[in-house]
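Q:
Residue numbers (the working numbering): 260 to 355.
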């Protein structure tokens, strides 16, 4: 999924949804973004070099990436797999 596809897929969703990553049978909160060449990586607390005290929600993510090119890929940092979708679970947006 690239940033443009993510914008279209999340349009109209609650901006306060906490972003999580599905890892095996658990969900881990995204706490940081790492931007590299043409890629936005979602990081959890244990992968981040800079400690972040809070979880990232949809509004915070969209604010941070608003000036980035729409063709940037979205990837999970730990696995380097491209994000291919998400589902809403309660008040969270779980990336897959």
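Cβ coordinates follow ideal geometry from the N, Cα and C atoms, glycine included.
Computed from a predicted model, the values in this text were never measured in an experiment.
#1: Can you tell me whether residue 272 is helix, strand or coil according to DSSP?
#2: Taking its Cβ as the centre, do 16 or more other Cβ atoms sit within 10 Å of residue 300, making it buried, or is it exposed?
#3: One question on the structure: do residue 281 and residue 353 come within less than 8 angstroms of each other, judged by their Cβ atoms?
#4: Rounded to whole angstroms, what is the Cα-Cα separation between residue 315 and residue 266?
#5: Can you tell which of 319, 318 and 337 has the C-alpha that lies nearest to the C-alpha of residue 283?
#6: DSSP three-state call for residue 262: helix, strand or coil?
#7: Hey, would you say residue 329 sits closer than 8 angstroms to residue 262, going by beta carbons?
#8: With distances taken between CB atoms, is the gap from residue 351 to residue 279 smaller than 8 angstroms?
#9: Does residue 348 pass the burial test, meaning 16 or more other C-beta atoms within 10 Å, or should it be called exposed?
#10: Does the distance from the C-beta atom of residue 303 to that of residue 288 stay below 8 angstroms?
A: According to the structure shown:
#1: coil
#2: buried
#3: yes
#4: 16 angstroms
#5: 337
#6: helix
#7: yes
#8: yes
#9: exposed
#10: yes
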